[in-house]
Amino acid sequence: MGKLIVSLSPHAHSRDSIERNMYGVIIALMPALLASFYFFGLGSVVVTTTSVAACCFFEWAICKYILKKKENTLVDGSAVITGLLLAFNLPSNLPIWIIIIGALFAIGVAKMTFGGLGNNIFNPALVGRAALLVAFPAQMTTWPKIGQWDTYLDAETGATPLSIISSAIRLGDASVLDQLPSSFELFLGSSSGGAGAMGEICGLALLFGLAFMLYNRIITWHIPTSILGTVFIFSGLLHLSNPVYPDPLSVLFTGGLMLGAIFMATDYVTSPMTPKGQIIYGVAIGFLTIVIRNWGAYPEGMSFAILIMNAFTPLINNYVKPKRFGEVAK
Amino acid sequence: MKIKTFSMGGIHPAENKLTHEVPTIVAELPKQAIFPLGQHIGAPAKPVVQKGDKVKVGTMIAEAGGFVSAPIFSSVSGTVFKIDTAIDATGYRKPVIIINVEGDEWEESIDRSNKLEEVAAHPELTPELIVERIKNAGVVGMGGACFPTFIKLTPPPTAKAECVIINAVECEPYITADYRLMMEHADEILVGLELLMMGAKVTKGYIGIETNKPAAIELLSEKCAKKFNGTKYLVEVVPLKQRYPQGGEKQLVDAVIQRQVPAPPAIPVNVGAIVQNVGTAFAVYEAVMKNKPLFERYTTVTGKKLANPGNFQVRMGTPMINLIDACGGMPEGDNKLLAGGPMMGKALTSVEVPICKGTNSVTIISDEEARRKEPQPCIRCAKCVGVCPMGLEPYLLAKLSEVKNWERAESEDITSCIECGSCHYTCPAHRPLLDNIRLGKATVMGIIRSRAAKK
C-alpha cells in the first residue's frame, strides 16, 4: 500500500487556473484583432506583432535576468494580453522603435518593477500608451484612415470621430457633428467611419469578446455595465441640454470607450475586489471619461480615466465591503 | 415556482455521487472496536468501564463529561481490552476504549424489531421525556459537526424556536449516506421529525432536499402528506437548487425560511430555527421509540478508484480499513483518505481510524487529484469574494493571517468564516486561502476568549 497524503480541506479544486483566464481573455480579444487586421491591413499586423513580441521579450528577460525567478511567468499569458491591448491603443502607422519603447514602459516599468503579475497598481498597457502619448505626441495623435490594406508607415491619416466631436464642442457649433458617421457605422467600424486606434474601431467585435468572457465567467458584468451605463446616461443628459454634445450612442461607439470598458478597466489586478467597489469604480471611470473628453485637453479620456481610478482601487478596497451574511442594515 | 437556495456566494463542485443507487448493506462486525472518547463537540466522555469488563451491544462505556458532552455506548459485545490512546481523525493520539468482540449479544432493553412505532401509540411521551431520552442515548448531530442534539432542542431563554428544519441537502460531493437513509427509512425519519418538533415544542417542520435527489423529494413529499395532513403539524418538503455549501446550517436556514443568522455568537435558533440532519432524525427515532442508543450509522465508502464503492450500515468503532477492504481494498499508489467528503473532510494519517458518530463518509481521493498544485501569486481576480457564502473577503483574510494582523482580521469578521472551502476551491492561483484563514480564525477566537476572561 502506498503512502497516505495529508492536507487540510478542501480536497477538491475547480481546476480553474491563471492560464485558463488569461488565455480566455486572449481568445476574447481575437474578434477585435481580426477586425483590426481587416480595417488596417499590413500596418496593424506589423504593430500587433511587434507589440506582443516586445512585451513577451521584456517579461521573459526581466524574469530571468533581473528578478531571477525559477519559473518564468511568460507562460501565464498576461504579457501577451498586455501586448495586444497596447497595440489596440496605437495608430497602425507607428514606427517599430516607438512600439518597443511603449512595451518597455508597459512591462518593465508598470508591471515588473512592482513585482510582476498581481502586484502592479496601474494597467500596464495603459501606462505604455500614456508614456508614448507624452513622449511622442505628434505620432500618437495622427491616426490612419481605415480601409488601407497594404500601407504601414505611409498610411494616409485623417480625422477621428473624437476629434470631430472635440472641435464641435470647442467651436460650440453643432453642425460640425454632421461630419460624424452614423452611430451604426461607428458600431460596425465600416470604411466611412474615419480613423482611429487599431483595436477600438469595431464595437461589435469587442462585444463578442465581452459575451465570451461573461459566458466563461472570466469577468463579471459589474465593471463594463457600470461604465457603459454611466457614459450613456451622462452623455445623454448633455446631449439633451445642448446639441453640441453628440448623441449618447455615438459617444459609446467612438474612441476607446468599448475597448476600455470591456478589456482595460476589467483587468483583474488593477480593479476593485468587491462587486460594490467595482460599480463605484465603473461609474467613476464613465464620468471621468466624459469630463476629460468634453472639457479636457485630449479628445480621448478613457485611458486617463482608467489610470486615475486604478490609483483609487486600493482605497476602494479598503472602504467598500461586501454585505456580510446576516448583517443588519445600519 | 422559483427553486429556493441561499442568498450569496456558493459553488458547484462535481457531484461524483458514485453510490446513489447502491443499496445499503450491513457491514461485518470488526474483531476489535475502537471508541474515541471525544466524538462530539464539547468535553470528552469519561470511561465507566475497566479493563476486563464484559459489555453487550448498547452498554454505556463512557458517560457525558460535562454539560456540552455526550455518553458513548458499545456497538459490540465482548471484553474491554484496554483503555489507551489511538490515532483518531485529528491525526493525534487521543484516549480511546478498545473492546475485543465476542459474539453479538444485545442489551435486553433495546427493541430490535422492525415494527414502525408511531408517536400516537405512546401517550406517555412528553417534550421533557423526549429530550431526556435523546440526551441519555448519546445522540449528536450526525452531519459531521457532532453537536449534542438535546442542547439544540433546549434553546437559551433569549431565543424562541419556531420550526425544525431537517437537513437532507447532502451537498458534499461523493456522499450518499443521507440519501440512502431517506430512501430506505423514510417513515422512521418522519417519526423522528415529529419527535424533534414535540421536543422543541413547535408545530412547523421543513425538510430541505437538493433537486439532484428527485426520488427522495417525491417519496418524502408523499409520505409527509399522508402522515401530517389533518394533524396539528405543518411539514413541508422544500426542494433546493443544487449549490454548495447549502448543507451549512446558516445557508440552509437562509434557503428554507429566508432568514439570515447574524454573526457569531448567534445560532440558528436566534432566528427561530432548529436544524437537524436526517441521520440525527433517524437516531432520535431509534433512541426514543426503540430505546436504542447511538452506536450505529449509515456511512458511504467511496472513491473513483475504489473497486466497489458502497453504502454501509456500520457499527461505530469499526476501523475504516475493514470497510475499505469490503469495497475492494485501498487503490494502488498514494491516496488521500478522508473522513467526510472532499470539501470539508479530514485527511487521515491511518487506515485504522474508527467510524465515529459523525463519520458520514470514507472518501478516497487518488492520483493527481490527491495532491495540491503549487500556489501562484494572487492575481486579484476577486473570484473568492464572489463565492464566499458569508460575504467575506477571503483574499484579504488570508493575507491578514499571513502577516499576523489579528486586529484587522477581527474587524474584517474572520470569525464568521464557516470553513466551507469555496474560496480555496475556486482560486485560479491555487492559493491555500482556507489554511491561512483557519489559522487566523483560531488565533482571533483565542484572543476574543482571553479578552472575555480578563473582564
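These protein sequences, in sequence, are chains A and B. If you count the first sequence from 1, you need to add 36 to reach our numbering. If you count the second sequence from 1, you need to add 2 to reach our numbering. Cβ atoms here follow ideal geometry from the backbone N, Cα and C, with glycine treated the same way.
Figure out for me which residue from S368/B, M10/B and A444/B has the closest Cα to the Cα of G388/B. M10/B
Per-residue contacts from L339/B into chain A (C-beta, under 7 Å)
L40
Residues of its chain near A142/A, where Cβ-Cβ distance is below 7 Å and the 5 sequence neighbours each way are ignored | C91, T118, L122, P160, A161, V163 and G164
S452/B by DSSP, collapsed to three states: which one? helix
Query raised in the report: Is S271/A near P284/A, with beta carbons less than 9 Å apart?
Result: yes
Next item on the list: With 9 Å as the threshold, decide whether the Cβ of A48/A is near any Cβ in chain B.
Entry: yes
Within chain B, partners of G19/A - CB distance below 7 Å: Nothing can be reported for residue 19/A, as the shown portion of chain A is limited to 37 through 366.
Q. Rounded to a whole number of angstroms, what is the C-alpha to C-alpha distance between Y101/A and R373/B?
A. 32 Å
Give me the Cβ distance between A283/B and G210/B, rounded to the nearest whole Å; I'm assuming they're in contact under 8 Å. Rounded, the Cβ-Cβ distance is 12 Å, inconsistent with contact.
With a cut-off of 9 Å, does the C-beta of F361/A fall near any C-beta of chain B?
yes
message: DSSP three-state label for E238/B, please.
response: strand
Quick check: F158/A and E236/A, are their CB atoms within less than 9 Å of each other?
no
C238/A lies in the beta strand (DSSP E); which residues open and close that run?
From DSSP, C238/A is part of no beta strand (DSSP E); its letter is neither H nor E.
Checklist line | Per-residue burial, L103/A [other beta carbons within 10 Å of its own, 16 or more giving buried] | finding: exposed
Anticipated Cβ contact below 8 Å, I263/A with G318/A, distance rounded
4 Å
_Can you check which of these residues, T26/B, I366/B, Q248/B and E134/B, is closest to G465/B by C-alpha distance?_
In the structure as shown, chain B begins at 3 and stops at 457. Residue 465/B is therefore absent and cannot be evaluated.
Below 8 Å CB to CB, which residues in the same chain sit around A166/A once its five sequence neighbours on both sides are set aside?
S339, F340 and L343
* Asked: Do you know offhand how far M332/B's Cα is from K33/B's?
  -> 19 Å
Exercise for the section: Can you have a look at F361/A and say buried or exposed, based on whether 16 or more other CB atoms are within 10 angstroms of its CB? Expected result: buried
DSSP-derived helix/strand/coil call for L339/B:
strand
Classification of K147/A by the beta-carbon crowding that lies within 10 angstroms, buried from 16 upward
buried
Report the three-state DSSP secondary structure of D86/B (helix, strand or coil). strand
**Item:** Start and end residues, beta strand (DSSP E) containing I167/B
**Value:** C165 to A170
- Task: Give the range of the beta strand (DSSP E) segment to which Y59/A is assigned.
- Result: Careful: Y59/A lies outside any beta strand (DSSP E), inside the alpha helix (DSSP H) at I54 to A97.
- Query: What residues in its chain sit with their C-beta under 7 Å from that of C386/B, if we drop five residues either side in the sequence?
  - Reply: P396, Y397, C425, T428, C429 and L435
beta-carbon L264/A near the ligand ADP non-hydrogen atom, thresh 8 Å
Although the ligand ADP was asked about, the structure shown includes no ligands whatsoever.
*Own chain partners of P197/A with C-beta closer than 8 Å, once the 5 adjacent residues on each side are dropped*: L216, P217, L222, G229, G230, G232, S286, T290 and G291
- Closer than 8 Å by C-beta to T81/B: which residues in its own chain qualify, once you throw out the five before and the five after it? Chain order, please. G54, D55, K56, V57, I101, N102 and E104
Beta-carbon proximity check, R245/B vs H14/B, cutoff 9 Å: yes
Out of R261/B, V355/B and A349/B, point me to the one whose CA is closest to V364/A's CA.
R261/B
Whose CA, out of P282/A, F220/A and V83/A, lies closest to the CA of G208/A? P282/A
### Message
Let's test the definition: count the other Cβ atoms within 10 Å of the Cβ of K366/A and tell me whether it reaches 16, buried, or not, exposed.
### Response
At K366/A, the pLDDT of 49 sits below 50, so the modelled position is not reliable and the matter cannot be decided from this model.
Quiz item: So, do the region 57-71 of chain B and the region 121-129 of chain B have three or more beta carbon pairs nearer to each other than 8 Å?
Solution: no
**Request:** Within the same chain, show all residues whose beta-carbon is closer than 8 Å to that of I137/A, passing over the 5 residues directly before and after it, in chain order.
**Result:** A167, L168 and A171
Check: Using the beta-carbon count (16 or more within 10 Å), is Y94/B buried or exposed?
Finding: exposed
At 3 residues or longer, and completely inside the region 97-179 of chain B: list those beta strand (DSSP E) runs for me, N to C.
165-170
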